[in-house]
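Going left to right, the sequence shown walks through residues 768 to 1097 as my numbering numbers them. Down below is the structure, laid out as structure tokens.
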Amino acid sequence: MNKKLASLLAAGVFSLAAFHANAADKVTLQLKWVTQAQFAGYYVAKDKGFYEEEGLDVDIKPGGPDIAPAQVIAGGGADVIVDWMPSALATREKGVPLVNIAQPFKSSGMMLTCLKESGVTSPDDFKGKTLGVWFFGNEYPFLSWMAHLKIPTEGGADGVTVLKQGFNVDPLIQKQAACISTMTYNEYWQVIDAGIKPEDLVTFKYEDQGVATLEDGLYVLEDKLKDPAFKEKMVKFVRASMKGWKYAEENPDEAADIVLENDSTGAQTEKHQKRMMGEIAKLTAGSNGALDEADYKRTVQSLLAGGSDPVISKEPVGAWTHEVTDEALK
């Protein structure tokens, strides 16, 4: 083969490779929190090539204490975000038109974890106590629950004192609060790892109290869905993501390892991530990615039932769609 032909062929191969590289549709996903097994399905989908198979180049951006996913997407920094529905619906009412396109999490992992010695044995015992609550959009399920119980959140003997809790368990360890906010898959185990025995704790899962609201859904901006190319991209993204979630459920240890490989901070440990993945699998179990309308209605009713201070003031319109999952799950 002469040199000219060889160089032409080589150039053709490289241009073809460049074409394939450029052909992948870019998608930016903003997570609600730092890299951990809570988001294993997305990391698995990327690691296993599920996104690549759909022709997608997905950039997964970790969150953190100073990152509000709704603000990121409103500012054009993401195509799709992971958020809790109370936060998303409150944000929508304030003018950022978020739409739920998929719901990988079927159950809520949120709970209040209390020291037994504080005398809390049932929700009736919350009155007069200090309770640790996360803010930045995470306070809505708690405020909704207190409204259901008709317990004021301004303190006093008949109310609760709300302690703005950092994203740690210090207020319980240091006994500044009788109860703190924890997730079944994360902070609860931090309390245990701090040396407090399970038998010295009382936990109240929002799911068991009948006030659970939907967590970790996928949201996009409403006007973006009017673009058929964007919608098709989201169909591919949801299909590959759910493939990642189901793989993670069935292979929890491998999924935890993949998460660890993606943790550029090096902050996560194998023990914690494997334990977390085991708990996360319980929350995604039973979901194929499509939002269950009954779960949505329960969340909305819970948020509307806030007495004089509801999380949302009116029934949302257009806050979710099955258009993406109907296509993705065919």
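Glycine included, each C-beta is placed from N, C-alpha and C at the ideal position. Quick caveat, the model's predicted, so the values are computed rather than measured.
For residue i, which three-state DSSP category applies?
{"i": "S874", "result": "coil"}
{"i": "T880", "result": "strand"}
{"i": "A1095", "result": "helix"}
{"i": "I959", "result": "helix"}
{"i": "W1087", "result": "strand"}
{"i": "G1011", "result": "helix"}
{"i": "L898", "result": "strand"}
{"i": "E921", "result": "strand"}
{"i": "I1025", "result": "helix"}
{"i": "D975", "result": "coil"}
{"i": "D994", "result": "coil"}
{"i": "K1000", "result": "helix"}
{"i": "E1082", "result": "coil"}
{"i": "F903", "result": "coil"}
{"i": "S889", "result": "coil"}
{"i": "P1077", "result": "coil"}
State the CB to CB distance for the pair residue i and residue j, rounded to an integer number of angstroms; the pair is presumed to be in contact (CB under 8 Å).
{"i": "V929", "j": "I947", "result": "Actually they do not touch by this definition, with Cβ atoms about 11 Å apart."}
{"i": "K828", "j": "A812", "result": "No, K828 and A812 are not in contact; Cβ-Cβ is about 15 Å, not under 8 Å."}
{"i": "L796", "j": "V847", "result": "5 Å"}
{"i": "V969", "j": "L939", "result": "Rounded, the Cβ-Cβ distance is 11 Å, inconsistent with contact."}
{"i": "A961", "j": "L898", "result": "Actually they do not touch by this definition, with Cβ atoms about 19 Å apart."}
{"i": "L1070", "j": "Y907", "result": "7 Å"}
{"i": "A804", "j": "A996", "result": "Not really, about 32 Å apart at Cβ, beyond 8 Å."}
{"i": "A1057", "j": "T1092", "result": "4 Å"}
{"i": "G808", "j": "W1012", "result": "3 Å"}
{"i": "T802", "j": "D1030", "result": "5 Å"}
{"i": "A1086", "j": "L856", "result": "6 Å"}
{"i": "Y1014", "j": "K815", "result": "6 Å"}
{"i": "K883", "j": "D1020", "result": "Rounded, the Cβ-Cβ distance is 33 Å, inconsistent with contact."}
{"i": "Y952", "j": "D850", "result": "Actually they do not touch by this definition, with Cβ atoms about 17 Å apart."}
{"i": "Q1040", "j": "L1027", "result": "6 Å"}
{"i": "L988", "j": "L865", "result": "7 Å"}
{"i": "D792", "j": "K993", "result": "Not a contact, Cβ separation roughly 17 Å."}
{"i": "F934", "j": "I918", "result": "Not really, about 24 Å apart at Cβ, beyond 8 Å."}
{"i": "E1046", "j": "G876", "result": "7 Å"}
{"i": "F1111", "j": "V794", "result": "The structure shown has nothing for residue 1111, since the chain only spans 768 to 1097."}
Between which two residues does the alpha helix (DSSP H) carrying residue i extend?
{"i": "D734", "result": "Residue coverage of the chain in this structure runs from 768 to 1097, which leaves residue 734 outside it and unanswerable."}
{"i": "L1050", "result": "E1037 to T1051"}
{"i": "F909", "result": "Y907 to L916"}
{"i": "A1061", "result": "E1060 to L1071"}
Taking DSSP's pairing of strands, which residues face residue i in a bridge?
{"i": "G984", "result": "D850"}
{"i": "T970", "result": "T880"}
{"i": "V1005", "result": "V1005 is not bridged to any residue."}
{"i": "G1056", "result": "Q870"}
Using 8 Å as the limit for Cβ to Cβ distance, is residue i near chain C?
{"i": "D891", "result": "As a matter of chain content, chain C is missing from the structure shown, which is built from one protein chain."}
Residue ranges of each beta strand (DSSP E) within the stretch 782 to 868, 3 or longer: 792 to 797, 823 to 828 and 847 to 850
Start-end ranges of the alpha helix (DSSP H) lying completely within the stretch 927 to 955, minimum 4 residues: 937 to 940
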